[in-house]
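S.K.: Last residue of the sequence shown: 376 in full-length UniProt numbering, with the numbers rising by one and none dropped. The beta-carbon is built from N, C-alpha and C at its ideal position, and this holds for glycine as well.
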Amino acid sequence: MPRASKLLPSIGHAASGAGGTIISTLATYPLDLVNTRLKVQRQLRADGSISPEDEYAGILDAFRTIYSREGRLSAFFAGLGPDIAKSAADSFLLFLFYTWFRARRLHTSQHHARGHLSALEELAVGAAAGMCAKLFTTPIGNVVTRKQTASLLEKNDTQQRTDLTFGEIVTEIRREKGLIGLWAGYSASLVLTLNPSTTFFLQQFLKRILIPRAKWDDPGAPTTFLLAAISKCVATTLTYPFQIAKARVVVSGTNGTGDRKRDDNVVVNLAKDTIFGTVFRIAQTEGVRALYDGIGGELLKAFFNHGLTMLSKDIIHRFIVGLYFAMLVALKEHPQFRTKLRERMRLASSLSAQVAKRTVGSGGRNVLTSVLSSNS
1 MPRASKLLPS IGHAASGAGG TIISTLATYP LDLVNTRLKV QRQLRADGSI
51 SPEDEYAGIL DAFRTIYSRE GRLSAFFAGL GPDIAKSAAD SFLLFLFYTW
101 FRARRLHTSQ HHARGHLSAL EELAVGAAAG MCAKLFTTPI GNVVTRKQTA
151 SLLEKNDTQQ RTDLTFGEIV TEIRREKGLI GLWAGYSASL VLTLNPSTTF
201 FLQQFLKRIL IPRAKWDDPG APTTFLLAAI SKCVATTLTY PFQIAKARVV
251 VSGTNGTGDR KRDDNVVVNL AKDTIFGTVF RIAQTEGVRA LYDGIGGELL
301 KAFFNHGLTM LSKDIIHRFI VGLYFAMLVA LKEHPQFRTK LRERMRLASS
351 LSAQVAKRTV GSGGRNVLTS VLSSNS
């Protein structure tokens, strides 16, 4: 277990990062929905799931068509709830693992004196943090992608598909691909961990070469926004073909003629859905240009989304740190509060021990033992 001195700063960055992500997700979600549809519409047309008339000509055409055909403004927020949960969890875990891994690496003697990591180490830390985070959030992201593309898949029965609940979509994915299908595209997620790691690296690099050292900790809101936005756009351009491949892997197997072309063997289907195989197949059959379908909208989203995320994160993090020190000062100046807090913590601990004792005594020993053994 990490020591509290290392874990608490990580939790502070993670909580503020999650808060910033929620704000940016709410602000850019309609653009995210349009981008997802632009990524997969070429495949859906080839599969026969949509007709050429239903294909969007571009970002503006997609906004106009969705607004006029699918329920005005509400259509742009299909799947918003699960996406906020996924984005917040993704961001929290990413910042938690990234800050913790980076702090542990910097704590070693050879890095402590230097004060920063090398470029390769920054990329490795970001990639490791992304892998850990995506392991937990990939299933939620797959459900969100299905929700965002639902009306494209069933033009004649839009209301029925867009009304599918989170649980119903999970059941649908399990029926088509098995339980492991919830992690379809995870290999793409592993490759896409280069996106946040490259973003963090570029942001740190630009900060060191463009900003005086005295302002590294607080470069200011406009500078923070621009550095984060530019870094994200560069990283997105480099990894965009893998985003295309991931979106197609997640959507493949849904209702349409494309579903009938798939093998009944789940293992065979998953083997076909590997990230590099999908990228190669798209480039070979549709041309390299197909790997960049909708990149304009994705860059626009990346610019505002990540810039707003990092700006909001800095503001929220300063608030959390200020609140933490205010509580320390209050506890120091008012010892009676500290005494009451200790008494309540002691009482809560005593009550928890009594409940656990009763649970074990009434036949819960086996359950407790199994939980402990599974965590060991």
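1) Using alpha carbons as the reference points, say which of Gly17, Lys340 and Leu227 lies closest to Thr99.
2) Can you tell me whether DSSP reads Leu164 as helix, strand or coil?
3) To the nearest whole angstrom, what separates the beta carbons of Ala245 and Thr199, a pair I think is in contact under 8 angstroms?
4) Excluding the five sequence neighbours on either side, which residues of its own chain have a C-beta within less than 6 angstroms of the C-beta of Gly294, listed in chain order?
5) What residues in its chain sit with their C-beta under 8 angstroms from that of Val170, if we drop five residues either side in the sequence?
6) Can you tell me the Cα-Cα spacing of Ala124 and Arg69, whole angstroms?
7) For the alpha helix (DSSP H) holding Gly91, just list the boundary residues, first then last.
8) Could you compute how far the alpha carbon of Asn265 sits from the alpha carbon of Arg175?
9) How many angstroms separate the CA atom of Pro82 from the CA atom of Lys340?
10) Work out the CA separation of Ile23 and Gln336 for me, nearest whole Å.
11) Taking DSSP as the reference, what is the three-state secondary structure of Val267?
12) Report yes if the CB atom of His317 is closer than 9 angstroms to the CB atom of Gly12, and no otherwise.
13) Around the Cβ of Ser87, are there at least 16 other Cβ atoms within 10 angstroms (buried) or fewer (exposed)?
14) Give me the residue from Ala129, Phe76 and Thr236 with the minimum Cα distance to Arg102.
15) Quick one: grab the DSSP three-state call for Arg262.
16) Rounded to the nearest angstrom, how far is the Cβ of Gly19 from that of Ser312, given a contact under 8 angstroms?
17) Could I get the ranges of all uninterrupted alpha helix (DSSP H) runs contained in the UniProt repeat "Solcar" (117-209), with 4 residues as the minimum, in chain order?
18) In whole angstroms, what separates the C-alpha of Val329 from that of Gly322?
19) Beta-carbon separation of Leu135 and Asn195 under 9 angstroms?
20) Comparing C-alpha positions only, which one of Ala46, Thr21 and Leu31 sits nearest to Ala78?
21) If we count the other Cβ atoms within 10 Å of its Cβ and call it buried at 16 or more, is Thr165 buried or exposed?
22) Given a cut-off of 9 angstroms on the beta-carbon distance, is the pair Lys301 and Thr28 in contact?
23) Could you check what DSSP says for Pro219 in three-state terms: helix, strand or coil?
24) Taking DSSP as the reference, what is the three-state secondary structure of Ala247?
25) Going by CA-CA distance only, name the one from Thr224, Leu192 and Leu190 that's closest to Phe205.
26) Under the three-state reduction of DSSP, which class applies to Gly20: helix, strand or coil?
27) Ile180 to Ile173, Cα distance in whole Å?
28) Mapping the DSSP letters down to three states, classify Glu55 as helix, strand or coil.
29) Report the three-state DSSP secondary structure of Ile50 (helix, strand or coil).
30) Contact check, Gly307 vs Ala221 under 8 angstroms by CB: the rounded distance?
31) Could you tell me which whole beta strand (DSSP E) segments of length 3 or greater appear in the stretch 276-349?
32) Report the residue from Tyr240, Thr309 and Asn305 whose alpha carbon sits nearest the alpha carbon of Phe276.
33) Just mark Ser74 as buried or exposed, buried being the case when its beta carbon has 16 or more other beta carbons within 10 Å.
34) Mark Thr285 as exposed unless 16 or more other C-beta atoms lie within 10 angstroms of its C-beta, in which case mark it buried.
35) Taking buried to mean at least 16 other C-beta atoms within 10 Å of its own C-beta, is Lys147 buried or exposed?
36) Using the Cα positions of Ala344 and Met327, report the straight-line distance between them to the nearest angstrom.
M.R.: Short version:
1) That would be Gly17, whose Cα lies nearest to the Cα of Thr99.
2) In the structure shown, Leu164 sits in coil (DSSP, three-state: anything other than H, G, I, E or B).
3) 20 angstroms between Cβ atoms; not a contact.
4) Correct list, in chain order: Asn35, Leu38 and Lys39.
5) For Val170, the CB contacts under 8 angstroms within the same chain, skipping 5 residues up- and downstream, are Pro139, Val143 and Leu182 in chain order.
6) The C-alpha of Ala124 lies about 45 angstroms from the C-alpha of Arg69.
7) Checking the sequence, you will find Ser at residue 91 rather than Gly. Counting along the chain, the alpha helix (DSSP H) containing Ser91 begins and ends at Leu80 to His107.
8) Confidence in Asn265 is poor, its pLDDT being 49 and thus under 50, which makes the residue's placement unreliable; the coordinate value appears in the next sentence. Between Asn265 and Arg175, the C-alpha separation is close to 12 angstroms.
9) Taking the straight line from one Cα to the other gives about 40 angstroms.
10) For the pair Gln336 and Ile23, the Cα-to-Cα distance works out to about 38 angstroms.
11) In this predicted model, Val267 has a pLDDT of only 47, less than 50, meaning its place in the structure is not dependable enough to derive any value.
12) By the CB criterion at 9 angstroms, His317 and Gly12 fall inside the cutoff.
13) Burial is judged here by how many other beta carbons sit within 10 angstroms of a residue's own beta carbon; Ser87 has at least 16 and is buried.
14) Here the closest residue by C-alpha is Ala129.
15) With a pLDDT of only 47 at Arg262, under the threshold of 50, the placement of this residue in the model should not be trusted; the figure read from the coordinates follows. It is coil, neither helix nor strand.
16) The Cβ separation is near 7 angstroms, so the contact holds.
17) Counting only runs of 4 or more, we get 119-148, 150-153, 158-162, 166-177 and 186-192.
18) Cα to Cα, the separation comes out at about 11 angstroms.
19) Contact: no.
20) Closest in alpha carbon position to Ala78, among Ala46, Thr21 and Leu31, is Leu31.
21) Result: exposed.
22) Yes. Within cutoff.
23) In the structure shown, Pro219 sits in coil (DSSP, three-state: anything other than H, G, I, E or B).
24) Three-state result, Ala247: helix.
25) When only C-alpha atoms are compared, the closest one is Thr224.
26) In the structure shown, Gly20 sits in a helix (DSSP, three-state: H, G or I).
27) A direct Cα-to-Cα measurement between Ile180 and Ile173 gives close to 9 angstroms.
28) In this structure, Glu55 counts as coil in the three-state DSSP scheme.
29) If DSSP states are grouped into helix, strand and coil, Ile50 belongs with coil.
30) Rounded to whole angstroms, the Cβ separation of Gly307 and Ala221 is 10 angstroms, and the two are not in contact under 8 angstroms.
31) Runs of the beta strand (DSSP E) inside the stretch 276-349: none found.
32) Ranking the options by Cα distance to Phe276, first place goes to Tyr240.
33) Counting the other CB atoms within 10 Å of its CB gives Ser74 a total below 16, which places it among the exposed residues.
34) By the 10 Å Cβ count, Thr285 comes out exposed.
35) The residue is buried, with at least 16 neighbouring Cβ atoms inside 10 Å.
36) First, the residue type needs correcting, since residue 344 is Arg and not Ala in the sequence shown. The straight-line gap from Cα to Cα measures roughly 17 angstroms.
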